[in-house]
Amino acid sequence: FVASLHEWEDLEAFFEVYREKLMAILKQPASRKNHTNVLMHIQGYFRDQLNSRQRGELREVILNYRAGLLPILAPLTLLK
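Listed below in C-alpha coordinates is the structure:
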(Lines of atoms letter the chains of each structure in order from A and count residues from 1; the text may use other names and numbers.)
(Lines give C-alpha, C1' and ligand atoms only; values in the text may rest on other atoms or scores of the structure.)
Protein backbone atom coordinates (compact mmCIF):
# COMPACT_ATOMS: atom_id res chain seq x y z
CA PHE A 1 0.00 0.00 0.00
CA VAL A 2 2.71 2.48 0.99
CA ALA A 3 4.63 1.65 -2.19
CA SER A 4 1.70 3.10 -4.16
CA LEU A 5 2.02 6.50 -2.45
CA HIS A 6 3.25 8.09 -5.68
CA GLU A 7 -0.05 7.12 -7.36
CA TRP A 8 -2.13 9.23 -4.95
CA GLU A 9 -2.84 12.80 -5.98
CA ASP A 10 -4.20 13.80 -2.58
CA LEU A 11 -1.78 13.11 0.26
CA GLU A 12 -4.47 13.76 2.88
CA ALA A 13 -6.71 11.09 1.31
CA PHE A 14 -3.79 8.65 1.29
CA PHE A 15 -3.10 9.19 4.98
CA GLU A 16 -6.79 8.82 5.81
CA VAL A 17 -6.95 5.42 4.09
CA TYR A 18 -3.56 4.44 5.54
CA ARG A 19 -4.73 5.28 9.07
CA GLU A 20 -7.95 3.27 8.60
CA LYS A 21 -6.00 0.24 7.37
CA LEU A 22 -3.47 0.54 10.20
CA MET A 23 -6.19 0.76 12.85
CA ALA A 24 -7.94 -2.30 11.39
CA ILE A 25 -4.69 -4.27 11.58
CA LEU A 26 -3.96 -3.13 15.14
CA LYS A 27 -7.42 -4.29 16.28
CA GLN A 28 -6.37 -7.89 15.63
CA PRO A 29 -4.57 -9.41 18.62
CA ALA A 30 -1.18 -10.97 17.96
CA SER A 31 -1.13 -14.76 18.07
CA ARG A 32 1.39 -17.06 19.74
CA LYS A 33 2.64 -17.83 16.23
CA ASN A 34 3.25 -14.12 15.54
CA HIS A 35 4.93 -13.60 18.90
CA THR A 36 7.09 -16.69 18.34
CA ASN A 37 8.22 -15.37 14.98
CA VAL A 38 9.25 -12.05 16.52
CA LEU A 39 11.00 -13.78 19.44
CA MET A 40 12.98 -15.98 17.02
CA HIS A 41 14.08 -12.90 15.09
CA ILE A 42 15.14 -11.22 18.33
CA GLN A 43 17.09 -14.34 19.24
CA GLY A 44 18.91 -14.06 15.91
CA TYR A 45 19.79 -10.46 16.71
CA PHE A 46 21.55 -11.61 19.89
CA ARG A 47 23.27 -14.53 18.14
CA ASP A 48 26.77 -13.16 18.72
CA GLN A 49 26.16 -12.31 22.39
CA LEU A 50 24.86 -15.77 23.40
CA ASN A 51 26.80 -19.01 23.60
CA SER A 52 25.32 -22.22 22.20
CA ARG A 53 23.88 -23.30 25.57
CA GLN A 54 22.14 -19.95 26.03
CA ARG A 55 20.81 -20.01 22.46
CA GLY A 56 19.48 -23.52 23.00
CA GLU A 57 17.82 -22.58 26.28
CA LEU A 58 16.19 -19.52 24.74
CA ARG A 59 15.00 -21.51 21.73
CA GLU A 60 13.49 -24.17 24.02
CA VAL A 61 11.68 -21.55 26.09
CA ILE A 62 10.37 -19.84 22.94
CA LEU A 63 9.09 -23.16 21.56
CA ASN A 64 7.48 -24.00 24.92
CA TYR A 65 5.77 -20.61 24.81
CA ARG A 66 4.50 -21.35 21.31
CA ALA A 67 3.15 -24.72 22.48
CA GLY A 68 1.24 -22.97 25.25
CA LEU A 69 3.35 -24.47 28.03
CA LEU A 70 4.82 -21.15 29.18
CA PRO A 71 3.59 -17.55 29.31
CA ILE A 72 5.20 -14.94 27.08
CA LEU A 73 6.92 -13.57 30.17
CA ALA A 74 9.27 -16.60 30.18
CA PRO A 75 11.14 -15.82 26.93
CA LEU A 76 10.94 -12.08 27.59
CA THR A 77 12.63 -12.57 30.97
CA LEU A 78 15.45 -14.55 29.37
CA LEU A 79 15.93 -11.83 26.76
CA LYS A 80 16.23 -9.20 29.46
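Mind the numbering: the sequence shown is residues 93 to 172 in the working numbering, read in order.
For glycine and all other residues, C-beta sits at the position ideal for the given N, C-alpha and C.
Nothing here was measured: the structure is a model prediction, and the numbers come from that model.
Under DSSP, the alpha helix (DSSP H) around residue i begins and ends at which residues?
i, result
"Arg-139", "It is not in any alpha helix (DSSP H) - Arg-139 carries neither H nor E in the DSSP assignment."
"Pro-167", "165-171"
"Ala-82", "Absent from the model: residue 82. The displayed extent of the chain is 93 to 172, so no value can be given."
With residue i and residue j assumed to form a contact (beta carbons below 8 Å), what rounded beta-carbon distance in angstroms separates them?
i, j, result
"Arg-158", "Gln-135", "Between Gln-135 and Arg-158 the Cβ distance is about 13 Å, and since that is not below 8 Å, they are no contact."
"Val-153", "Leu-162", "6 Å"
"Phe-93", "Lys-113", "6 Å"
From the options, pick the residue whose C-alpha is nearest to that of residue i; which is it?
i, options, result
"Gly-160", "Leu-142, Ser-123, Asn-143, Leu-170", "Ser-123"
"Lys-172", "Leu-114, Leu-103, Lys-119, Leu-131", "Leu-131"
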